[in-house]
Every structure is written in structure tokens, then in C-alpha cells.
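This report refers to the structure that appears directly beneath it.
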Amino acid sequence: MYKILSKITLVPTLHEFVIEAPRVAKRCKAGQFIILRIHEEGERIPLTIADFDREKGTITIVFQEVGKSTKQLATLNAGDSMLDFVGPLGEASHIDNYGTVVCVAGGVGIAPVFPIARALKEAGNEVIGIMGCRCKDLIFWEDRMKDACTELRVTTDDGSYVCKGFVTDKLLDLINERGKENIAEVIAIGPVPMMRAVANLTREYGIKTIVSLNSTMVDGTGMCGCCRVTVGGEVKFACVDGPEFDAHAVDFEEMMRRGRIYKEEEQKSLEKYTN
Ligand code: FES
């Protein structure tokens, strides 16, 4: 069993758990993920690792309540335990000294971007963070991101905090300020339409861009095919080939179509759980 050491509700329906999982913490690297299961009959929930502490043997996860399983997960508190906590899974982020790197985080994507930005800064990069949420109430981990980045720019869709605009507006400003040749790489994590918008923008400027794909997963070991995505015309499994891929080669339309396949079942399951 894996014990929850602390629980913080960051914004309504968004929670941070610190889990006691020393074997995962010992081996994990930025960009990897875990799959958890609350109990024997629970659905497998894949979550990108938001932070880790090797000495304390802990893993931090951040999740949003969207369906039955994540709502059920949110009912757990510090001191409770979960049955499975498998990881680290997937390939770690490629960390090197590239020069200037832009880490773009949208909504709950702020959590998985954080350890990548920190690792890139530790590797000697200038890390410019851009984080955006729909509104002020949904902003979280701004202080952590400030520490992890050399410079942080924040935006909200509705302008209720710092300034109004999308992360792509901030990214375009930055490209214009710095010049495309002075940005070595962009890493974008967030909702699929956001990652697609970032990819479309940077493709125009020829800036290498990496996205982390949160496809639906079952086994997380490349066996079931559930997480398949098309990248550069080839079938890839996000759980073992990813979760990070070249954003300019990802078929986002197909990914969004596949993401909607289980919508009806998910809705029914949620209704049954909440009624
Ligand atoms: Fe089954 Fe990736 S989750 S192949």
C-alpha cells in the first residue's frame, strides 16, 4: 500500500498529494509518470510526476477531478493509502544545456512542467517559463515555477491576473523580443488544444518543440495499445515511446478524436457515482 503523507487542495477540484513511494522516488526523472489504482477494482490513473524527493522517498502528484476515478481519488486524505503506485514509467525528458529554453504550461500542465524546468535550469539553461490558466482562481505553483525558471511570465485567459491572453500570445511576444534563432527549444504541456496551438506557432518559426502527451492508458507497458498516437506518420505508444514527442510531428486531431471515444461511458460512470 502507498500512503498519502499530505494533501493540499491547490484550487477547487485540483489536488496535490505527496505519496510515500521510495522505490519510485529513487529511480524517477523529470518527465516520467506513474499509474495508480485506488483499490482492487479501481481504474488505472496515469499521472506525470510533479515532484520527487529521493531522500524522503516521496513522489508528488497533482490531479484534477474530472471523472469518477479522479473524484474518488480526491476523497482520500493524508494518512489514507492506495493499492498500486507503479513507476517510474515512460522515457525521461532529454535534459542538456541547450541555451535558452521556453517551458510553456497550461492549467494542470503547470505541475508536470515544473520538474522539467527545474532540471533544465540545473543543467545551465536559461529557462523562460510561461504559465497560463483560464482565470486567477486556477493559478497554482507560481512560487515554485518562479524558482524553477530564470524568468516567469504569467497570463490568464480572462485577464483576472497579471494580464489577459493565451500562453501562445506570451510565446509570440517572446519570439519577437528574443528572435527565433535565440530560442533553442520549447516544451509545452497542458490541454491538447493548447499544445496544438503552441506547435502550430513554433512550426512557423522553425523552433524545436516537445509536448508531453496524456493519452488514455491501461497497462502503461506498451501491451494494450490504448495510448497509441500517430507521430510523423508512425504509430507510437505514449506510455513507452513517450510521453514526450516532437510537437510538429504529432497528429493532434487524431489524438483529440481518440480522447473522446470513452466520453459517453465516462459520463455514465460519473453520473452513477455522483447520484
Ligand atoms: Fe497500454 Fe500504452 S497504455 S500500450
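Using full-length UniProt numbering, you'd call the opening residue of the sequence shown number 1 and step up by one each time.
Just so it is clear, CB atoms sit at the ideal spot from N, CA and C, and this is done for glycine as well.
- For SER93 versus ILE128, is the C-beta spacing smaller than 8 Å? Not in contact: SER93 and ILE128 (Cβ atoms no closer than 8 Å).
- Query: With distances taken between CB atoms, is the gap from THR9 to GLU65 smaller than 8 Å?
  - Reply: no
- Start and end residues, alpha helix (DSSP H) containing PHE166: Premise fails: PHE166 is in no alpha helix (DSSP H) and is neither H nor E.
- Message: For the segment 70-78 against the segment 224-237, do three or more pairs of beta-carbon atoms, one drawn from each stretch, fall closer than 8 Å, so that the two count as touching?
- Response: no
- Message: With the cut-off set at 8 Å, would you say ILE210 and ILE183 are in Cβ contact?
- Response: no
- Query: Comparing the CB of MET195 with every heavy atom of the ligand FES, is any distance shorter than 7 Å?
  - Reply: no
- Message: Please classify ARG118 as buried or exposed, where buried requires at least 16 neighbouring CB atoms within 10 angstroms.
- Response: buried
- Sort TRP141, GLY67, PHE252, GLY233 by Cα distance to ARG44 and report the nearest one. GLY67
- Any heavy atom of the ligand FES closer than 7 Å to the CB of MET223? yes
- Query: Between the beta-carbon of TRP141 and the beta-carbon of PHE166, is there less than 8 Å?
  - Reply: no
- Message: Am I right that GLY190 and ALA105 are in contact with their C-beta atoms under 8 Å? What's the rounded C-beta distance?
- Response: That pair is a contact at about 6 Å.
- Item | Terminal residues of the beta strand (DSSP E) in which GLU151 lies | The continuous beta strand (DSSP E) containing GLU151 extends over residues 151-156.
- Within 10 angstroms of its Cβ, does GLN267 collect 16 or more other Cβ (buried), or is it exposed? Per the 10 Å Cβ criterion, exposed.
- Item | Contact check, VAL186 vs THR202, beta carbons under 8 Å | yes
- In its own chain, which residues sit with a C-beta less than 7 Å from the C-beta of PRO112, not counting the 5 before and 5 after it? THR48, ALA50, ILE189, SER212
- Task: Output the distance between the C-alpha atoms of GLU264 and THR274, rounded to the nearest integer angstrom.
- Result: 15 Å
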